[in-house]
Amino acid sequence: MAHNSIMTESQRATRKFSDTDICKRCGKYSESTLHAIRDCETVMPLWKTLVKQEYWSKFFSLNEKDWIKYNLDNNCSKNHVDKHLEFISWKPPKQDWMKINVDGSHRKDDNSICCGGVVRDNSGRWITGFTKRLGHGSAFQAEIWAILLGLRFSHDKGFPKVIIETDSIMALNFVQSNTDIQHPLGGIRARIRELLSMDWQVKLVHTYREGNMVADALANAGHDQLLDIRISESIPSVCIFAFQNDCSNLSLPRWVGS
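Rendered as structure tokens:
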């Protein structure tokens with residue numbers, strides 16, 4: 001961020017990748033680095049939930065360099081639990097590995113659940129993706145199904161080294177725990193364990209939502225698709241913006257507990 005390495009619309013326009021520097025999220029202002037990270041009306045409400053109101057005036061008025069220093073030197077958080085500010089971004093896997101980001105989605109109005117996933121290589125290249133409707137259930141069910149289908153999808157493709165990345169720590173803990181063997185989702189967990197025990201290298205990893213935005217967009221798109229499952233060999237329009245942000249190593253702010 002401090003070196004203007006984030007591929008904002010302003011950077012795209014400067015490098016002749018785009019004919020406009022207007023932010024695609026708010027559609028109103030030039031998307032500088034600070035606009036993307038702090039000042040856009042789609043981002044600012046998040047900061048206001050995290051920063052004490054008495055700090056707002058200075059927090060939202062400093063230039064980029066001073067703002068970074070101010071955040072490093074001051075505790076502006078509303079919460080006095082030990083937390084620190086991290087900038088989260090998607091990270092590519094090491095060479096010879098594939099990373100499959102997965103996510104579940106639950107829509108409250110009709111209780112429908114879906115999941116989605118994206119496969120990328122060590123260069124961040126889109127390999128394939130999937131979106132699946134799962135019927136009706138809970139958000140937790142959707143997250144567990146996302147892990148199962150991500151594993152199954154990867155195994156069917158014959159990938160020998162795989163990282164499954166989810167933003168649900170609850171789902172990850174459930175899959176890896178041996179407690180509550182009578183849980184209604186115990187059967188799905190058993191199928192996940194079976195896939196994990198096969199002859200390949202698999203890692204289950206947690207990331208924050210800010211590093212899982214492509215899978216999030218795919219999962220949400222499932223609610224409106226007609227097919228039960230959709231395989232995407234090219235990048236769908238619903239997640240192209242998130243994918244481009246990942247390619248440019250865009251980092252999003254998050255307060256993380258120590």
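Residue numbers for the sequence shown follow UniProt numbering, so the first one is 1 and each next one is one higher. Glycine included, C-beta positions come from ideal geometry on N, C-alpha and C. Here the structure is a predicted model, which means the values were calculated and not measured.
Pairing residue 17 with residue 118 gives a Cβ-Cβ distance that is not under 9 Å. When DSSP reads this structure, residue 87 sits in a beta bridge with 253.
DSSP, reduced to helix, strand and coil, places residue 227 outside both helices and strands of the structure shown, so it counts as coil.
Judged by their CB atoms, residue 90 and residue 124 are nearer to each other than the 9 Å cut-off. Residue pairing for residue 136: DSSP places it in a beta bridge opposite 112. With a cutoff of 9 Å on beta-carbon distance, residue 185 and residue 153 are scored as not near each other. Per DSSP, the continuous beta strand (DSSP E) segment holding residue 98 begins and ends at 98-107. Distance from the CA atom of residue 83 to the CA atom of residue 179, rounded to whole angstroms, is 30 Å. Per DSSP, the continuous beta strand (DSSP E) segment holding residue 201 begins and ends at 201-206.
Measuring C-alpha to C-alpha distances from residue 102 to each of 155, 144, 41 identifies 144 as the nearest.
In this chain, residue 165 is not harboured by any alpha helix (DSSP H); it is covered by the beta strand (DSSP E) spanning 161-166.
Counted as a single uninterrupted DSSP element, the alpha helix (DSSP H) harbouring residue 57 occupies residues 56-59. The beta carbon of residue 73 sits closer than 7 Å to none of the beta carbons in its chain outside the five residues before and after it.
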